[in-house]
Amino acid sequence: MDSTLKKGGNRRDFLYLTAGAMGAVSVGSAVWPLVDSMNPAADTLALASTEVDISKVEVGQAITAVWRGAPVFIRHRTPEEIAQVRGEDWQSLRDPQKDEDRVKKAEWLIIKGVCTHLGCIPLGTKPGQPRGDFGGWFCPCHGSHYDISGRIRKGPAPKNLTVPTYEFVTDTLVRIG
Amino acid sequence: MAGSAKTEKFDNKTIQWINDRLPVFSMMQNEYGKFPTPRNFNYFWNFGAIAMAMLGIMIVTGIFLAMNYVPTGSMAFESIERMSRDVNYGWLLRYTHMNGASFFFIAVYIHIFRGLFYGSYKKPRELIWIFGVVIMLLMMATAFMGYALPWSQMSGWGVTVITSLFSAVPLVGDGLVTWLWGGFSVDSPTLNRFYALHFLLPFLICAVVFVHVWALHVTGSNNPTGVEPKSEKDTIPFSPYYTTKDSFGTVVFLVLFMAMVFFAPLLLTEPDHFKQFDPMQTPSHIVPEWYFLPFYAILRAFTLDISIPFTHIVLLTAKLQGVLAMFGSILLLLFLPWLDTSPVRSARYRPVYKWCLMLLIAAMAALTYAGAKPPEGAAVWFGRVGTFYYFLHFLVIVPWLGKNEKTLPLPKSIHEEVED
Chain A
0 MDSTLKKGGN RRDFLYLTAG AMGAVSVGSA VWPLVDSMNP AADTLALAST EVDISKVEVG
60 QAITAVWRGA PVFIRHRTPE EIAQVRGEDW QSLRDPQKDE DRVKKAEWLI IKGVCTHLGC
120 IPLGTKPGQP RGDFGGWFCP CHGSHYDISG RIRKGPAPKN LTVPTYEFVT DTLVRIG
Chain B
0 MAGSAKTEKF DNKTIQWIND RLPVFSMMQN EYGKFPTPRN FNYFWNFGAI AMAMLGIMIV
60 TGIFLAMNYV PTGSMAFESI ERMSRDVNYG WLLRYTHMNG ASFFFIAVYI HIFRGLFYGS
120 YKKPRELIWI FGVVIMLLMM ATAFMGYALP WSQMSGWGVT VITSLFSAVP LVGDGLVTWL
180 WGGFSVDSPT LNRFYALHFL LPFLICAVVF VHVWALHVTG SNNPTGVEPK SEKDTIPFSP
240 YYTTKDSFGT VVFLVLFMAM VFFAPLLLTE PDHFKQFDPM QTPSHIVPEW YFLPFYAILR
300 AFTLDISIPF THIVLLTAKL QGVLAMFGSI LLLLFLPWLD TSPVRSARYR PVYKWCLMLL
360 IAAMAALTYA GAKPPEGAAV WFGRVGTFYY FLHFLVIVPW LGKNEKTLPL PKSIHEEVED
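Which chain is which? The protein sequence lines are A and B, in order.
First residue of the first sequence? That's 0 in numbering that gives the first Met the number 0, and the numbers climb one at a time after it.
First residue of the second sequence? That's 0 in numbering that gives the first Met the number 0, and the numbers climb one at a time after it.
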């Protein structure tokens, strides 16, 4: 068989390659269901949105809502707090972001209450809790300080507290998710 | 390891019948009976056998605990409290298993120290060492997942913090964490998979222990001189000499272990371990188990982002540095047989290496202290200095000493050393 002498491989090599490729595809498609079974299940995904009544949150107060098993902080900011975060130079921050881009209504700050370092819940929502050096939140696990816009100012966390998707259904009802 | 062609003759006919078909009895006699072993072992050589005993105890108590455990978020904490109070001897199974993890790590850490001191990782024993590092990694994963199962405040938040480490992975980090959790927070699906894996991994450990010991029986054991046995004068049969010595050491170790189980079972346990997990409330101070403290301190030792100067473009966040350093601190051990090029194995004949190793122990102690404290004040510096020395030791000092250390003269043989 002179085909075995041809440059760049013979029929046997071709069979090995195609069989190998088919084998790889088969193993991949057999493993994928196993891997994907570990992703959030349909019932977990179904809990993806929640509605919160914010009519009772006075100016200066904050509440914690539960969304997808984790806390969401809703703070009714005072005019002074808004003026304070908007007056600062945001471009030099670790995760530079304007306060205006983080809220839909200036007086309502809605952020996920999960520290972007290693997932602890920062303190500062309940009265009497430490609020850190920047008047927002303080994470007790590794000492991250967040300002009143939920932006990281000091400590190991790399990112600002996440703003979840939300919308104001009415003036006093927010749908998160 | 398998028996040779010429099999033994056994007096018992049943044994002979089995042995002709499957030579397990010959194998046991060759590998654990006559197996020639250096005659000069000290008590450090007990800790392999002790670790094996602990592995057995963990698997047996674990299986019986599993019979009463309910791996769901709403029931896990309660089922463990029920075990402690209502199940017959449940308290004994639980405390043995809880403290067993600590004593297993004590045995393994001493075993590893033995290897570092006497150069047991060197040629031709590199693979034995590598399998050992793999066993340690599997043990760490198993212990971490086991710590989640009581579903206490420490469990849930320990899981949150450690799994969140993976969010430091660029691009896919957040998706990876969601996949690990099976949801958007640490919840029942997370607990359930941790339980499945906590049950599986010990059997993988058994498999790696088997190849670890197999490879050991190919090269034979190292010994305190680090000089290979040269004649029959240097060795004694494993049984009865070391079966006796290992049994003695194991019994002493188990006495200490049981003293802890009976008289101070909660000595190493944080109070927050007795509160059910509340995903809305982080405890004020999260600490891992003592055997993870040095690595936790390495994780926290990095606090400055590395950026391109005069810009805000961050190349490596402090978080990612910490994560890489923590995993790197263990993975670099895999390369130790090639980082250390010294022809002399035992630190007995390496006057400088010996003291550097003692400094490493001091660094580990400093890291343990730093890992247990909140990240402020002196603890931060203990963590940084400890981390610095840890990497300096393995990546600079050990390779440098391998080429430049003036070692002491080695004994010609083990028996010459012993009989002097």
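Ideal placement from N, C-alpha and C gives every residue a C-beta, glycine not left out.
Local conformation of residue i per DSSP, three classes
i        : result
B/LEU315 : strand
B/GLY2   : The predicted position of B/GLY2 is uncertain, since its pLDDT is 44 and thus under 50; a value taken from the coordinates is nonetheless stated next. Coil at B/GLY2, not helix or strand.
B/ILE458 : The structure shown does not extend to residue 458 of chain B, since chain B is modelled only from 0 to 419, so the question has no answer here.
B/ARG347 : helix
A/TYR165 : strand
A/ARG76  : coil
A/GLY89  : Going by the sequence as given, residue 89 of chain A is Trp instead of Gly. Looking at A/TRP89 - three-state DSSP - the assignment turns out to be coil, as it is neither helix nor strand.
B/SER151 : strand
B/PRO424 : What the structure shows of chain B is the stretch from 0 to 419, and residue 424 of chain B is not part of that stretch, so it cannot be assessed.
B/ARG38  : coil
A/LEU122 : strand
B/ILE285 : coil
B/LYS33  : coil
B/LEU199 : helix
A/LEU108 : strand
Beta carbon proximity, residue i to chain B, threshold 8 angstroms
i        : result
A/ILE151 : no
A/ALA61  : no
A/GLY127 : no
A/MET37  : yes
A/ARG74  : no
A/TYR165 : no
A/ALA64  : no
A/ARG101 : no
A/ALA20  : no
A/ARG174 : no
A/GLY27  : no
A/PRO157 : yes
A/PRO32  : no
Cα-Cα separation, residue i to residue j
i        : j        : result
B/VAL351 : B/ILE204 : 35 angstroms
B/SER341 : B/GLY118 : 9 angstroms
B/LEU267 : B/HIS110 : 22 angstroms
B/LYS12  : B/PRO123 : 40 angstroms
A/PRO39  : A/THR161 : 20 angstroms
B/LEU115 : B/ASP339 : 10 angstroms
B/GLU227 : B/LYS33  : 18 angstroms
B/GLY2   : B/LEU356 : A caution first: B/GLY2 carries a pLDDT of 44, below 50, which makes its placement in the model too unreliable to give a value.
B/ASP304 : A/ASP170 : 41 angstroms
B/PRO293 : B/VAL132 : 16 angstroms
B/PHE209 : B/ASP233 : 26 angstroms
B/SER25  : B/TRP16  : 12 angstroms
A/ALA105 : A/ARG74  : 11 angstroms
B/ALA100 : A/PRO155 : 31 angstroms
B/VAL168 : B/VAL176 : 10 angstroms
B/LEU331 : B/TYR68  : 37 angstroms
A/SER54  : B/VAL185 : 30 angstroms
B/LEU21  : B/PHE103 : 33 angstroms
A/ASP100 : A/TRP89  : 11 angstroms
A/THR63  : B/TRP90  : 38 angstroms
Min CB distance residue i to chain A below 8 angstroms
i        : result
B/THR177 : yes
B/GLU269 : no
B/VAL286 : no
B/PRO188 : yes
B/ALA362 : no
B/TRP156 : yes
B/LYS353 : no
B/PRO37  : no
B/VAL160 : yes
B/SER283 : yes
B/ALA140 : no
According to DSSP, residues forming a beta bridge with residue i
i        : result
A/PRO70  : A/VAL65
A/THR49  : A/ILE175
A/ASP100 : DSSP lists no partner for A/ASP100.
A/GLY134 : A/ASP146
A/ILE151 : A/TYR145
B/GLN275 : B/SER151
Contact test: residue i Cβ vs the ligand GDP heavy atom, cutoff 7 angstroms
i        : result
B/TYR241 : Among the components modelled here there is no ligand, and therefore nothing to report on the ligand GDP.
Quiz item: At a Cβ cut of 7 angstroms, what residues of the region 111–143 of chain A count as close to chain B, listed as they run along the chain?
Solution: Those would be HIS116, LEU117, GLY118, CYS119, ILE120, PRO139, CYS140, HIS141, GLY142, in chain order.
Exercise. Give, in chain order, every residue of the region 71–99 of chain B whose Cβ lies closer than 8 angstroms to some Cβ of chain A.
Key: When C-beta distances to chain A are compared with 8 angstroms, every residue of the region 71–99 of chain B stays at or above that value.
Quiz item: Which residues, taken in chain order from the region 367–379 of chain B, show a beta carbon closer than 8 angstroms to some beta carbon of chain A?
Solution: Within the region 367–379 of chain B, the qualifying residues are PRO373, PRO374, GLU375.
Self-check item: Interfacial residues, the region 292–305 of chain B to chain A, with Cβ spacing under 7 angstroms
Solution: Across the region 292–305 of chain B, CB contacts with chain A closer than 7 angstroms involve ARG299, THR302, in sequence order along the chain.
Quiz prompt | Interface positions of the region 41–56 of chain A facing chain B (Cβ-Cβ less than 8 angstroms), listed along the chain | solution = Residues of the region 41–56 of chain A with a Cβ closer than 8 angstroms to any Cβ of chain B, in chain order: THR43.
Quiz item: Using Cβ-Cβ distances below 7 angstroms, what residues of the region 77–95 of chain A are close to chain B?
Solution: Cβ contacts with chain B: PRO95.
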